[in-house]
Each structure stands twice: as structure tokens, then as C-alpha cells.
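Q: Here UniProt numbering is used: the first residue of the sequence shown is 1, the next is one more, and so on.
Attaching a single structure in C-alpha cells format; questions to follow.
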Amino acid sequence: MDISDKATQQEELAREEALRQIRLPEKPAASYTHCVDCGARIPKRRRLAVPGCTRCVGCQAYQEIGYP
Numbered sequence: 001m002d003i004s005d006k007a008t009q010q011e012e013l014a015r016e017e018a019l020r021q022i023r024l025p026e027k028p029a030a031s032y033t034h035c036v037d038c039g040a041r042i043p044k045r046r047r048l049a050v051p052g053c054t055r056c057v058g059c060q061a062y063q064e065i066g067y068p
């Protein structure tokens, strides 16, 4: 197995893990009422739109964009 085979294998593993993380569970978990990061109340409309959410919109955006 050469270096390109190892790189391909790593890429496939990373892709499989990413897909596993974005798949919705069969039965969504209950949404939190307060953000796990900042403690702000998560609006009911967000909890209904995104079942299982754990962050407010601002903290979720911060998490996804990844600014330090």
C-alpha cells in the first residue's frame, strides 16, 4: 500500500464519518430549552424547526464557521 492508497483510505474514512454525523436520527432527540454554549433561551420556533437543537442560532453559526 503506497502513500496515495493511504490518502484515499483516509479520505474515505473522513467522508463516511462526516456523513454519519449529518444523518438525522430516526427519532429526533428533544431540543434543549437553553443554549449549551451561552445559556440563552432557544426560541420555540427554532426548537420546532430544528428538532434536537442544543444551541441558539448565534452559537450554532459560530460553531459551524469556526471563528476562534
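Glycine residues also receive a C-beta, built at the ideal position from the N, C-alpha and C atoms.
Quantities reported herein were computed from a predicted structural model and do not represent experimental measurements.
Per the contact definition of three or more C-beta pairs closer than 8 Å, is the region 37 to 45 in contact with the region 53 to 63?
A: Touching, yes.
Q: On the three-state DSSP scale, how would you describe residue 41?
A: Three-state result, residue 41: strand.
Q: Rounded to whole angstroms, what is the Cα-Cα separation between residue 16 and residue 34?
A: Roughly 31 Å between the two C-alpha positions.
Q: Just the Cα atoms here: how many angstroms apart are residue 38 and residue 47?
A: Each residue's Cα considered, the two are about 16 Å apart.
Q: Could you spell out the range, first to last residue, of the alpha helix (DSSP H) harbouring residue 66?
A: Counting along the chain, residue 66 falls outside any alpha helix (DSSP H), and DSSP gives it neither H nor E.
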